[in-house]
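J.: Okay, handing you the structure first.
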Amino acid sequence: MSSHHSCRIVVDTPRVKDKSTQKTVFTGDESALLIEASLDHRRNKVVLVMIGLSAYSIAATGCLARLALPSPVSFSSVDKPKSFDPSVSRVRKIHTRNGQKTRIFKSQIQQLKQPKYFNQEYTCDAQDAAEYLPETDLIRRSLHGIIIGSMKGGTQALHTNLLTHPKILSSGMHHGELHFFNRLYKDRRPNNGKVYRQNIRDAFARVIANRGSYYSQRNGMKDIASQQNKHKVGIHSAPIYLFSGRKIVARMLCAAPWVKATAILRNPIDRAFSQYHFIYSSIRKKGKHKPSFDQFILDDITLLKETGVLLDWNTTSFNSYAGSEEEFQAWEQYLHYAKANGPVGRGLYSIQLEILLDEFKKYNKSRDDLLVLQSESSKEYPQETYHQAIQFLGREARTVRKHRHVFAKDHHATKYLDDAGISEGTKKMLYELYQPYNERLYNLLGTDEWTGVWDE
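Quick note on numbering: the working numbering labels position 235 of the sequence shown as 235, and the sequence is numbered without any gaps.
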């Protein structure tokens with residue numbers, strides 16, 4: 001009897017031919033030998049399968065352990081590890097807004113390092129459309145002011161307070177938001193870096209005209225499109241605009257170079273914690289998987305490192321990298337994957353504002369058309385914030401009785417899942433991460449009211 005690697009058994013014994021059936025049959029001893037060989041063959045297969053399953057289980061357990069245990073992260077200027085390796089793993093799972101996970105492959109990260117994909121320059125194709133429109137024109141009035149961010153920073157409260165002014169109406173929809181430039185406007189042309197002014201204006205006019213019956217009630221008193229409101233201006237909020245990179249800003253400035261942009265910024269640590277509870281509140285995510293807050297932010301930190309936004313500041317100078325072409329390219333890569341999530345990235349305000357102001361320069365737009373407010377100060381002193389924002393919009397500030405009632409409300413407040421706060425370790429890690437970016441923001445804004453506002 002000879003054995004082969006395929007476990008095929010060959011029996012070299014005489015065979016007897018059955019004359020009635022013309023088939024080869026074996027004697028009793030030979031049949032017993034074949035049965036025994038067949039059993040041995042089956043045992044060998046079972047053993048091989050068990051060995052294979054054991055090896056796979058060991059390997060899978062090791063891979064899961066590597067993915068579940070992120071490398072230590074330190075961002076302070078002291079007590080930092082001497083070696084810091086972002087360690088781009090083959091697959092990362094990032095929690096998204098709908099509770100699902102997005103798989104990010106190393107090959108995709110490498111592909112996105114091609115310059116043609118990110119930090120693209122956008123130019124405005126005027127399409128023979130006038131840069132500025134008459135002040136009574138619907139497009140001019142409807143795009144008078146936009147609250148561009150930040151998410152969970154108090155955008156709805158600011159929008160609601162501003163609507164108490166008799167000369168200001170909402171050009172938004174639900175909660176005053178109107179995600180036009182990032183969602184409702186669809187440009188089917190190839191992404192060649194061109195932004196088409198008249199196309200955007202025409203699309204915006206259609207959106208304003210079809211917002212529903214709410215604004216047509218009360219004889220059109222609340223409708224910015226009504227002829228009786230031609231001397232009033234419209235505002236809306238879209239917190240995603242600040243977190244959308246160059247393309248959205250280019251669309252906004254091409255269509256409405258006169259627009260006044262307002263950003264209300266909150267302590268980035270508190271803002272991230274509020275976003276976590278907003279996304280995974282029991283009402284919105286009942287019965288679905290909810291990661292811990294630590295995992296929620298570590299996923300985003302991993303993405304920030306893998307796309308090159310966060311580097312090892314032991315080997316790379318933060319000041320030389322800040323505001324560089326390389327940083328802006330890395331930021332656009334990060335936005336491609338973060339989408340509307342980005343709990344940590346949304347708090348890197350200095351990068352977002354620098355990109356916004358860079359686009360301002362292309363349209364010879366003054367920095368005076370950008371108002372940056374503190375969320376904490378706005379909540380504590382709503383009346384002062386109201387006056388500041390109204391004057392920024394070019395209107396005369398007025399005080400009416402309903403202001404106190406409106407300002408006292410906590411508009412669109414986050415419903416927290418529990419009473420547990422941020423752990424001291426996580427808070428320290430985030431503070432060290434944000435500290436150089438906050439300093440950069442203070443220097444960018446250059447006013448005393450911002451100096452050290454979020455320092456502890």
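Ideal Cβ placement from N, Cα and C applies to all residues, glycine included.
Which residue comes first and which comes last in the alpha helix (DSSP H) that contains His236?
T.: That residue, His236, is in no alpha helix (DSSP H); its beta strand (DSSP E) goes 233-237.
J.: Should Glu449 be listed as close to the ligand GTP, given that the test is whether its C-beta is under 7 Å from any heavy atom?
T.: Summarising the ligand content, the structure contains no ligands, and the ligand GTP is consequently not present.
J.: Give the DSSP bridge partners of Lys186, in chain order.
T.: Answer is none; Lys186 lacks a bridge partner.
J.: Taking C-beta to C-beta, are Ile146 and Ala261 nearer than 8 Å?
T.: Going by C-beta atoms, Ile146 is nearer than 8 Å to Ala261.
J.: Across which residues does DSSP place Leu373 in a beta bridge pair?
T.: The partner list for Leu373 (beta bridge, DSSP) reads Ile264.
J.: Alpha carbon to alpha carbon, how far is Asp137 from Leu143? Give it in angstroms, no decimals.
T.: Taking the straight line from one Cα to the other gives about 10 Å.
J.: Return the CA-CA distance between Leu348 and Gly421, expressed in angstroms with no decimal places.
T.: Each residue's alpha carbon lies about 22 Å from the other.
J.: What do you get for Gln374, buried or exposed, if any count of 16 or more other CB atoms within 10 angstroms of its CB means buried?
T.: It counts as buried.
J.: Using C-beta distances below 7 Å, list every residue in its chain close to Cys63, excluding the 5 sequence neighbours before and after it, in chain order.
T.: With a pLDDT of only 47 at Cys63, under 50, the local geometry of the prediction cannot be trusted, and the value read off the model is given with reservation. Nothing listed; no residue qualifies.
J.: With distances taken from CA atoms, which of Lys194, Lys222, His165 is nearest Met173?
T.: The option with the nearest alpha carbon to Met173 is Lys222.
J.: For Leu356 and Ile51, what's the separation of their Cα atoms in angstroms?
T.: So the two alpha carbons sit approximately 59 Å from each other.
J.: Whole angstroms is fine: what's the gap from Ala389's alpha carbon to Gln352's?
T.: Each residue's alpha carbon lies about 21 Å from the other.
J.: Are there 16 or more other CB atoms within 10 angstroms of the CB of Lys305, so buried, or fewer, so exposed?
T.: The residue in question, Lys305, is buried, as its Cβ has 16 or more Cβ neighbours within 10 Å.
J.: Considering only the beta carbon of each residue, do Ile168 and Arg395 sit closer than 8 Å?
T.: Yes, these two residues count as a Cβ contact at 8 Å.
J.: Could you tell me which residues DSSP puts in a beta bridge with Val195?
T.: DSSP lists Cys124 as partners of Val195.
J.: Could you tell me which whole alpha helix (DSSP H) segments of length 4 or greater appear in the segment 252-331?
T.: Runs found: 268-279, 293-306, 318-321.
J.: Could you tell me the distance, in whole angstroms, from the CA atom of Tyr132 to the CA atom of Leu430?
T.: Cα to Cα, the separation comes out at about 44 Å.
J.: Suppose you measure from the CA of Leu33 to the CA of Leu48; what does that come to, to the nearest Å?
T.: Low confidence applies here, because Leu33 scores a pLDDT of 45, under 50, leaving its location unreliable and the question unanswered by this model.
J.: Pull up the distance between the alpha-carbon of Ala68 and that of Ser423, whole angstroms please.
T.: The predicted model places Ala68 with a pLDDT of 40, which falls under 50 and marks its position as unreliable; any figure quoted below should be read in that light. Spanning the two alpha carbons is a distance of roughly 19 Å.
J.: Among Ser226, Thr315, Gly323, Trp258, which one has its Cα closest to the Cα of Ser171?
T.: Of the candidates Ser226, Thr315, Gly323, Trp258, the one whose C-alpha sits nearest the C-alpha of Ser171 is Ser226.
J.: Identify, in the order they occur along the chain, each residue of the same chain with its Cβ nearer than 7 Å to the Cβ of Ser350, setting aside the five sequence neighbours on each side.
T.: Cβ neighbours of Ser350 beyond the five flanking positions: Tyr437, Arg440, Leu441, Leu444.
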